[in-house]
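Colleague: Before I ask anything, let me first share the structure, which is written out below as C-alpha cells.
Protein chains: 2
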Amino acid sequence: MPPRLSAPARREQILDVALEVFANAGFHGASMNDVAEAAGVTKPVLYQHFDSKRDLFQALIEEVGNRLRNNIDKATAEATDGKSQTELGFRAYFRWVADDHDGFRLLFGSGSRRDDDFNDAVRKITEQSAKAIAPLIAVDIDESHRETLAHALVGLAEGASRRLVGLGKEFDPDEIAREVAALAWAGLRAVTPGARHQT
Amino acid sequence: MPPRLSAPARREQILDVALEVFANAGFHGASMNDVAEAAGVTKPVLYQHFDSKRDLFQALIEEVGNRLRNNIDKATAEATDGKSQTELGFRAYFRWVADDHDGFRLLFGSGSRRDDDFNDAVRKITEQSAKAIAPLIAVDIDESHRETLAHALVGLAEGASRRLVGLGKEFDPDEIAREVAALAWAGLRAVTPGARHQT
DNA sequence: ATGGGAACGTACCGAAGGGTAACCGGCGCG
DNA sequence: CGCGCCGGTTACCCTTCGGTACGTTCCCAT
C-alpha cells in the first residue's frame, strides 16, 4: 500500500506525472483517469488539487513556460552584445529542450496550440521570446516585419527541436545552438529593407 | 429547400466546408454534427462519403498537403542555382499561406501534430520540405546536423506564417518571402563545422 | 406512369469521459 | 480512549459524440 502524501507533496507529484502523461498522449488523448492511475491515486484526488482538467493542464503550461523563460532570461542577462546574446539565448533554449523533452512536447507538440485558452498561454511564451529577439534585428524595416522575423526565429528553434525530440535520440544542445545561432545571426544581418513607397 | 447534389459534388462541398470548420475549431473541437450542419446536411450523409471522422480529416490533410507540395515543387523547378531556389521556394510557401489560411491552420495549428496518425501525415510534408532544403546547406557537417538545420528552416517559415495568420490581417507574401529567404540563405552560408573528433 | 435507385433525414445506440456525492480509515490530539 | 480531521476510494451521474438502422423523398430511365 503506497504511503499517503501530504497535500502539497501530492500536488507536486501530480504535476510531475501529469506532465509526462500529457506530453505523451496530448490533452485530448489522456483522460483524467489516466493521469490519476499514473499518479497512483484515483480521480477525485485530482479534483482536490485542481478545479478541472483544463485547470491542471494550464498549470502545467504555466510551470513549463516559466522554466523555459527563466533559463533564457538568466542566460541572456550575462551577455552584452547582440551576437553573444543570440548564442547564449539559443544555447539556453536547446539545453532546456534537451533535458525537458516532456515540457517541450507539452508546449509545442501536444495540440496546446489548438485550444483557444491554451493557445493564449503558449503564445505568451513565444511572444516574449520574439520580443527579446526583435531588437537584435538591426536593419531598418517596419516594426511589423521585424516582429514577423522575430517570430520566424522562434520557429527556427522550434523546428529544429521538434526534429531532435522526435528522433528520440540524445543530442548535444550546445552544438546545435552554435549552428542555429550562427544561422540566425548571419541571417538577421542579411535582411534588407524593401522598396519604400515614398514618404 | 436546398437542392440535392450529386455524390461527387457533395463530397467536394463537404471537403470544402470541413476544411473551414476544422481549421477554426480543430479536430477535437469540431464534431461531425458541426461539419454536417455547416454543409447543410445531416450526419449520415458524411458517412456516405467518409468512413469515419478520422478518415475525413486525413483526406483533408492529404489534399491540403498536396496543394502545398505542388506549389513549392512547381516554383523551385524553375530555379537553377540554390539562391533562387530558396527565394522561389519560400515565395511559393508564403503565397500558399496567404490564400489558404484555413489550410495552414489545419496542418500546423489544429493539433494535427498531436495524434499519431495525423502527425505522420503532417510529418511527411515537413520531411519532404526538409529533404528539399538539405542540399542547399553547403557546409561540410554531419548528415544529421544538416537535416536538423533543414527542419529548422521549415520551422522558420512556419513561425513567421503562424504569426501572420494569427494576426488575421492581410500581408504581402512576396515581401515576407524576400526577407525570410535572405535570412535563410545568408544564414545557411554562415554555419561552420564544429570541432571534429579526430578522424 | 411507374418502378427503382440514389440522396437525404429521423431517431437511436453505446461508449467514453469529465465531474461529484457519499463514505472510509488511519493518525494525532485532548 | 475516543473523536475529529484529512487523504483517499467507491460508485455514480450525465453530457457529448462517433457511428448506424431504417424510413422517406426525389429524380431518372424504361
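Chains as they are written, first to last, in our numbering: chain A, 390 to 588; chain B, 390 to 588.
Where is the CB? At the ideal position from N, CA and C, for every residue including glycine.
(1) Closer than 8 angstroms by beta-carbon distance: list the chain B residues that pair up with A/L445, in chain order.
(2) Looking at B/I565: is its Cβ nearer than 8 angstroms to the Cβ of B/L542?
(3) Using the Cβ count rule (16 or more neighbours within 10 Å means buried), how would you classify B/P524?
(4) For B/A549, return the contacting residues in chain A, with the cut-off set at a CB-CB distance below 8 angstroms.
(5) Relative to the C-alpha of A/Y487, which candidate in A/G415, A/F411, A/A396 and A/E547 has its C-alpha closest?
(6) Can you name, in chain order, every residue of its own chain whose Cβ lies under 7 angstroms from the Cβ of B/V385, other than the five neighbours on each side?
(7) Could you tell me the distance, in whole angstroms, from the CA atom of B/A571 to the CA atom of B/L538?
(8) Kindly indicate which three-state DSSP category B/H438 falls into: helix, strand or coil?
(9) From this set, A/S518, A/R552, A/H438 and A/W574, which residue's C-alpha is nearest A/A398's C-alpha?
(10) Anyone know if the C-beta pair for B/A428 and B/I403 falls short of 8 angstroms?
(11) Note down, in chain order, every chain B residue with its Cβ under 7 angstroms from the Cβ of A/E476.
(12) In three-state DSSP terms, what is A/E564?
(13) In the structure shown, what three-state DSSP assignment does B/K513 receive?
(14) Using beta carbons (cut-off 8 angstroms, strictly below), is A/H490 in contact with chain B?
(15) Give me the Cα-Cα distance between B/T465 and B/K513, rounded to the nearest whole angstrom.
(16) With respect to the alpha helix (DSSP H) encompassing B/G583, which residues constitute its N-terminal and C-terminal limits?
(17) So what's A/T537 in DSSP terms, helix, strand or just coil?
(18) Report buried or exposed for A/R556, applying the criterion of at least 16 other Cβ atoms within 10 angstroms of its Cβ.
(19) Do you know offhand how far A/A419's Cα is from A/R484's?
(20) Throw me the rounded Cβ distance for the B/V580 and B/V528 pair, which I believe falls under 8 angstroms.
(21) Check the Cβ of B/I461 against every Cβ in chain A and list those closer than 7 angstroms, keeping chain order.
(22) Could you tell me the boundaries of the alpha helix (DSSP H) in which A/L525 lies?
(23) What separation, rounded to the nearest whole angstrom, lies between the Cα atoms of B/L457 and B/I450?
(24) So, is the C-beta of B/I565 closer than 8 angstroms to a C-beta in chain A?
(25) Is it buried or exposed for A/T588, if we count other Cβ within 10 angstroms and need 16 for buried?
(26) Does DSSP classify A/V424 as helix, strand or coil?
(27) Using the C-alpha atoms, what's the distance from A/L496 back to A/T515?
(28) Taking 8 angstroms as the threshold (beta carbon to beta carbon), is A/A454 in contact with chain B?
(29) Who are the near neighbours of B/G500 in its chain, counting only those whose CB is closer than 7 angstroms to its CB and skipping five residues on each side?
(30) Relative to the alpha-carbon of A/Q517, which residue among A/N455, A/K442, A/G498 and A/V410 has its alpha-carbon at the smallest distance?
(31) Just curious, the alpha helix (DSSP H) that B/F494 is in, first and last residue?
(32) Starting from B/T475 and walking both ways along the alpha helix (DSSP H), at which residues does that stretch end?
(33) In angstroms, rounded to a whole number, what distance separates the CA positions of A/L394 and A/D561?
(34) Does the beta-carbon distance from A/A519 to A/E536 come in below 8 angstroms?
(35) Does any residue of chain B bring its CB to less than 8 angstroms from the CB of A/T581?
(36) Would you mind sorting B/E476 into buried or exposed? The rule is 16 or more other CB atoms within 10 Å of its CB.
Modeller: Looking at the coordinates:
(1) Indexing the first sequence from 1 puts residue 445 of chain A at position 56. Within chain B, no residue comes near A/L445; the closest Cβ sits about 17 angstroms away, beyond 8 angstroms.
(2) In the second sequence, counting from the first residue as 1, residue 565 of chain B sits at position 176. In the second sequence, counting from the first residue as 1, residue 542 of chain B sits at position 153. Result no, Cβ atoms of B/I565 and B/L542 do not sit closer than 8 angstroms.
(3) Against the second sequence, residue 524 of chain B aligns to sequence position 135. It is exposed - the Cβ of B/P524 has fewer than 16 other Cβ atoms within 10 Å.
(4) As a position in the second sequence, residue 549 of chain B is number 160, starting the count at 1. Going along chain A in sequence order, the residues near B/A549 (Cβ under 8 angstroms) are T537, L538, H540, A541 and G544.
(5) Taking the first residue of the first sequence as 1, we reach residue 487 of chain A at position 98. According to the sequence as given, residue 487 of chain A is Ala; it is not Tyr. A/A487 has its Cα closest to that of A/E547, out of A/G415, A/F411, A/A396 and A/E547.
(6) There is no way to answer for residue 385 of chain B, as the model of chain B reaches only from 390 to 588.
(7) In the second sequence, residue 571 of chain B corresponds to position 182, counting from 1. In the second sequence, residue 538 of chain B corresponds to position 149, counting from 1. C-alpha separation (whole angstroms): 16 angstroms.
(8) Numbered from its first residue, the second sequence carries residue 438 of chain B at position 49. In the structure shown, B/H438 sits in a helix (DSSP, three-state: H, G or I).
(9) As a position in the first sequence, residue 398 of chain A is number 9, starting the count at 1. The residue with the shortest Cα to Cα distance from A/A398 is A/H438.
(10) The count along the second sequence starts at 1 and reaches residue 428 of chain B at position 39. The count along the second sequence starts at 1 and reaches residue 403 of chain B at position 14. For the pair B/A428 and B/I403, the CB atoms are nearer than the 8 angstroms cut-off.
(11) The residue you call residue 476 of chain A lines up with position 87 of the first sequence. Under a criterion of Cβ atoms nearer than 7 angstroms, no residue of chain B is adjacent to A/E476; the nearest Cβ is some 13 angstroms distant.
(12) Within the first sequence, residue 564 of chain A is the residue found at index 175, counting from 1. In the structure shown, A/E564 sits in a helix (DSSP, three-state: H, G or I).
(13) As a position in the second sequence, residue 513 of chain B is number 124, starting the count at 1. In the structure shown, B/K513 sits in a helix (DSSP, three-state: H, G or I).
(14) Along the first sequence, read from residue 1 onward, the residue named residue 490 of chain A stands at position 101. No, A/H490 lies away from the interface with chain B (no Cβ there is under 8 angstroms from its Cβ).
(15) Your numbering for residue 465 of chain B matches position 76 in the second sequence. Your numbering for residue 513 of chain B matches position 124 in the second sequence. Roughly 19 angstroms between the two C-alpha positions.
(16) Here residue 583 of chain B is taken as the residue at index 194 of the second sequence, counted from 1. No alpha helix (DSSP H) holds B/G583; DSSP gives it neither H nor E.
(17) Within the first sequence, numbered from 1, the residue matching residue 537 of chain A stands at position 148. It is helical.
(18) By one-based count along the first sequence, residue 556 of chain A stands at place 167. Reading off the sequence, residue 556 of chain A comes out as Leu, not Arg. Residue environment analysis places A/L556 among the exposed positions, since fewer than 16 neighbouring C-beta atoms fall within 10 angstroms of its C-beta.
(19) Taking the first sequence and counting its residues from 1, the one referred to as residue 419 of chain A is at position 30. Taking the first sequence and counting its residues from 1, the one referred to as residue 484 of chain A is at position 95. Their backbone Cα atoms lie some 27 angstroms apart in a straight line.
(20) Here residue 580 of chain B refers to the residue found at position 191 when the second sequence is read from its first residue. Here residue 528 of chain B refers to the residue found at position 139 when the second sequence is read from its first residue. Cβ-Cβ separation between B/V580 and B/V528: approximately 5 angstroms, consistent with a contact (criterion under 8 angstroms).
(21) Here residue 461 of chain B corresponds to residue number 72 of the second sequence, with the count starting at 1. Against chain A, the beta carbon of B/I461 has no neighbour under 7 angstroms; the closest one sits roughly 16 angstroms away.
(22) Along the first sequence, one-based indexing puts residue 525 of chain A at 136. For A/L525, no alpha helix (DSSP H) segment is defined, and its DSSP state is neither H nor E.
(23) Walking along the second sequence from the start, residue 457 of chain B turns up at place 68. Walking along the second sequence from the start, residue 450 of chain B turns up at place 61. Across the structure, B/L457 and B/I450 are spaced so that their CA atoms are roughly 10 angstroms apart.
(24) Counted from its first residue, the second sequence places residue 565 of chain B at position 176. Yes, its Cβ sits closer than 8 angstroms to a Cβ of chain A.
(25) Here the question's residue 588 of chain A lines up with position 199 in the first sequence. Caution applies to A/T588, whose pLDDT of 44 falls short of 50 and renders its modelled position unreliable; the value that the coordinates give is listed next. Exposed, by the Cβ-count rule.
(26) For this step, residue 424 of chain A is matched to residue 35 along the first sequence. Here DSSP, grouped into helix, strand and coil, assigns A/V424 to helix.
(27) Counting from one through the first sequence, the residue named residue 515 of chain A turns up at place 126. Counting from one through the first sequence, the residue named residue 496 of chain A turns up at place 107. In a straight line, the C-alpha of A/T515 is about 10 angstroms away from that of A/L496.
(28) Here residue 454 of chain A refers to the residue found at position 65 of the first sequence. A small fix is needed here, since residue 454 of chain A is Gly in this sequence, not Ala. For A/G454, the answer is no, since every Cβ of chain B falls outside 8 angstroms of its Cβ.
(29) The sequence position of residue 500 of chain B within the second sequence is 111, counting from 1. The beta carbon of B/G500 lies closer than 7 angstroms to those of G415, F416 and H417 in the same chain, with the five residues before and after it left out.
(30) In the first sequence, the residue the question calls residue 517 of chain A occupies position 128. With distances taken between Cα atoms, A/Q517 lies closest to A/N455.
(31) Reading the second sequence from its first residue, position 105 is the one you call residue 494 of chain B. Residue identity check: residue 494 of chain B is Arg in the sequence provided, not Phe. Per DSSP, B/R494 belongs to the alpha helix (DSSP H) from H490 to G498.
(32) As a working note, residue 475 of chain B is residue 86 in the second sequence. Residues G471 to A487.
(33) Against the first sequence, residue 394 of chain A aligns to sequence position 5. Against the first sequence, residue 561 of chain A aligns to sequence position 172. Taking the straight line from one Cα to the other gives about 37 angstroms.
(34) As a position in the first sequence, residue 519 of chain A is number 130, starting the count at 1. As a position in the first sequence, residue 536 of chain A is number 147, starting the count at 1. Cβ distance < 8 angstroms, so A/A519 and A/E536 count as in contact.
(35) Reading the first sequence from its first residue, position 192 is the one you call residue 581 of chain A. It does: the Cβ of A/T581 has a partner Cβ on chain B nearer than 8 angstroms.
(36) Along the second sequence, read from residue 1 onward, the residue named residue 476 of chain B stands at position 87. With 16 or more Cβ atoms within 10 Å of its Cβ, B/E476 is classed as buried.
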